[in-house]
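Chemist:
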Amino acid sequence: MAEKRVRVNEQIRISPIRLIDEKGGQIGIVSLDDARARAAQRGLDLVEVAPDSRPPVVRLMDYGKYKYKAARAAREARKKQHTVQLKEVKFRPGIEDHDYDFKLRHARRFLSEGNKVKLTMMFRGRQVTHPELGREVLLRATRDLSEHAKVEQYPNFERNQMTMILSPLKN
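As numbered in our numbering, residues 5 to 175 make up the sequence shown, in order.
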């Protein structure tokens, strides 16, 4: 995330400027030296808020406090932001009902948290010769999770496992 460079105090070179006081009221168009004197008198900084306008708009403010508040607001925004993760639930072709329900409960929880779920069917040994059994279990899971998720990627077979990805429904 690139930080926007702002000119402060001595970095401002163009005169005259449009000056705004710390409360947001417009003082008017003044010379740069006059603005610096006003800032020094009040113990504040000159911060260029609109460098592209003519004359440039400069505001009287405490720049340290401004930077601190901006950083804190960015931190709060990052904290509230949710990143979608891909959670994996692994099945076997001959899975029993209780184990199936247990794994489905985990998948439901992941989806309710807003994460995507990767359902993986793992085949061992000769089970690979009957991929339709694994596909059946995955499609059954899709039906059981239909009110919580939609299919993002249908079952595809790679080596000794079959995978499919479900994404949560928007509420």
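Cβ atoms here follow ideal geometry from the backbone N, Cα and C, with glycine treated the same way.
Which parts of the segment 11 to 68 are runs of the beta strand (DSSP E), unbroken and 3 residues or longer, counting only runs that do not cross its ends?
Modeler: Counting only runs of 3 or more, we get 21 to 24, 30 to 34, 49 to 54 and 61 to 65.
Chemist: What is the DSSP secondary structure of T87, reduced to helix, strand or coil?
Modeler: Walking along the sequence shown from the start, residue 87 turns up at place 83. Three-state DSSP puts T87 in coil, outside helix and strand.
Chemist: Could you tell me which of R109, R139 and L123 sits nearest to E156, measuring between CA atoms?
Modeler: Counting from 1 along the sequence shown, the entry for residue 156 is found at position 152. Residue L123 is the option with its Cα nearest to E156.
Chemist: To the nearest angstrom, report how far apart R130 and D148 are at their CA atoms.
Modeler: Numbered from its first residue, the sequence shown carries residue 130 at position 126. Numbered from its first residue, the sequence shown carries residue 148 at position 144. In a straight line, the C-alpha of R130 is about 28 Å away from that of D148.
Chemist: Does DSSP put K107 in a helix, a strand or coil?
Modeler: As a first step, residue 107 is located in the sequence shown; it is residue number 103 there, counting from the start. Looking at K107 - three-state DSSP - the assignment turns out to be helix.
Chemist: Taking only beta-carbon positions, decide if M168 is within less than 7 Å of chain C.
Modeler: In the displayed structure, chain C is absent; only one protein chain is listed.
Chemist: Could you give the distance in angstroms between the alpha-carbon of A134 and the alpha-carbon of I99?
Modeler: Walking along the sequence shown from the start, residue 134 turns up at place 130. Walking along the sequence shown from the start, residue 99 turns up at place 95. The displayed chain sequence assigns His, not Ala, to residue 134. Taking the straight line joining both Cα atoms gives about 14 Å.
Chemist: Just to check, is the beta-carbon of D38 closer than 6 Å to a non-hydrogen atom of the ligand MG?
Modeler: Inclusion of the ligand MG in the displayed structure is not the case, the ligand content being empty and no account of it being possible.
Chemist: I'd like the span of the beta strand (DSSP E) that includes V121, first residue to last.
Modeler: Mapped onto the sequence shown, residue 121 falls at position 117. Its beta strand (DSSP E) spans residues K120 to M126.
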